[in-house]
Amino acid sequence: MDLDLPQPDRDRVSTLTALLLLTYTLIRIVTLPSFETEFSFLGLLIRLELNASFVMLTIAAFLAAAGSDWLIRSHPAVKNGSTRPEHWVIPGLAALGTGVILTRIPEGPALWIGLILTATLLVAVLVSEFIVLDAEDPRHDTAAVGLTALAYLLLIGALFAIRATGLRAAFAIPLTFCACGAVAWRLLRLARIKASAVRYSLLISAITAQISWGLHYWPLPPLRGALILGLVVYLGNGLALAHEEGMLGRIRIIEFIIVGVIGLTAVL
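The sequence shown lines up with residues 64 to 331 when you count with our numbering.
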C-alpha cells in the first residue's frame, strides 16, 4: 500500500470496532426489563416491545454510523469538518445485520469465530468508506465494488428479515421503503450523483414499496421475495445512472429488460 495515500486513523478504527464488539457482548450480559405497549392507529392494533437486544442493536447501528463519520472527518479531503451522511448507511446496516446474526449464535467456538468475522467485516467497511471519499484515490474502484456488493447483500438480508418476521403490511411496506431508499441513495452517491440522488432514490424506493405491497399477499418464500425486491433496486439504480449519464437509449433499456428477465427467472 502506498504510504503517500491517505490512511484511516488506526486508533479510531480499532476503538470503534472494539466498542461495537463490546456492545454485542453486552447483549448477553445486560438484563433490561422488557417494555410492551399497545395502541390503536388507523384501526390497527399496534404492539411494540422493547428489550435488551433491541436497545443494544439500535445503539450499535447508531454507534457505527457516528463512528464512520468520526473516521471520515480525519480524511484530508474533508474540509471544515463537513458532515457526509452517505457514509453512515452501510456501516449502520452492517453493524445491525451482524449484530442480529451474533445474537442467534449460541455461546462457544462458533460465537468467537462470529466475533472475529464481524470485526473483520466492520474494519473492511470503515476502511472502504474512508477510501471511496476521494475519487482520485487509486484504491477507489476496488473499495467501491466491495461496498456496492456489501450494500446489496445487506439490503437483501434486511428485506428477508422484514418478510420472514411476518410483519403486517402497514409496518413491512414503510420499512421496505426506508431500507431500499437508503441503500439506493448511498449507491447513487457512491457513483458521484449529487443533486439528483435523492429524487432517484425516492422514485426507486416508491416503486419497490409498491411491488412489495403486491408480494406481501403472494405466498412467496421470504428469500425469493427479498431477491426480487433487491433486483428491482439494482435495476432502478442502473437505469438512474444511465439516465444521469445521458446513455439511456433503446439498446440500454433492452439490456436492462434482459437482465431483469434473467434475474426473475433465476429467482422464481
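Quick reminder that beta carbons are idealized off the backbone N, C-alpha and C, glycines included.
{"Query": "7 angstroms Cβ cutoff met for residue 98 and residue 113", "Result": "yes"}
{"Query": "Backbone CA spacing between residue 64 and residue 200 [nearest angstrom]", "Result": "With a pLDDT of 46 at residue 64, under the threshold of 50, the modelled position of that residue is not reliable, and no figure is offered here."}
{"Query": "Simplified DSSP assignment, three categories, for residue 149", "Result": "helix"}
{"Query": "CA-to-CA distance, residue 154 to residue 130, given in whole angstroms", "Result": "9 angstroms"}
{"Query": "Length of the line joining the Cα atoms of residue 115 and residue 156", "Result": "19 angstroms"}
{"Query": "Minimum length 4: unbroken alpha helix (DSSP H) runs contained in the region 130-215", "Result": "152-166, 172-194"}
{"Query": "Residue 292 - DSSP class collapsed to helix/strand/coil", "Result": "helix"}
{"Query": "Given residue 305 as reference, the closest of 274, 192, 260, 331 once Cα atoms are compared", "Result": "260"}
{"Query": "Three-way DSSP call (helix, strand, coil) for residue 308 in this model", "Result": "coil"}
{"Query": "Exposure of residue 281, with buried meaning 16 or more beta-carbon neighbours within 10 Å", "Result": "exposed"}
{"Query": "Collapsed DSSP secondary structure at residue 103 in the structure displayed", "Result": "strand"}
{"Query": "Residue 64 in three-state terms, based on DSSP", "Result": "Residue confidence is low: residue 64 scores 46 on pLDDT, short of 50, so the model does not pin down where it sits. Its coordinate-derived value is still stated next. DSSP places residue 64 in coil when its eight states are reduced to three."}
{"Query": "Residue 151 classed as buried or exposed, judged by whether at least 16 other C-beta atoms fall within 10 angstroms", "Result": "buried"}
{"Query": "Proximity winner among 257, 290, 254, 256, relative to residue 271 (alpha-carbon distances)", "Result": "290"}
{"Query": "Residue 95, DSSP secondary structure in three states", "Result": "coil"}
{"Query": "Residue 249 - DSSP class collapsed to helix/strand/coil", "Result": "helix"}
{"Query": "Within 7 angstroms, strictly: CB atoms of residue 250 and residue 221", "Result": "no"}
{"Query": "Separation of residue 237 from residue 295, as counted between CA atoms", "Result": "16 angstroms"}
{"Query": "Short Cβ contact (7 angstroms threshold) for residue 231 with residue 149", "Result": "no"}
{"Query": "Reduced DSSP category for residue 231 - H, G, I as helix; E, B as strand; rest coil", "Result": "coil"}
{"Query": "CB of residue 264 within 7 angstroms of CB of residue 247, strictly", "Result": "yes"}
{"Query": "Secondary structure of residue 89, DSSP reduced to three states", "Result": "helix"}
{"Query": "Length of the line joining the Cα atoms of residue 177 and residue 287", "Result": "26 angstroms"}
{"Query": "For residue 255, the three-state DSSP class (helix, strand or coil)", "Result": "coil"}
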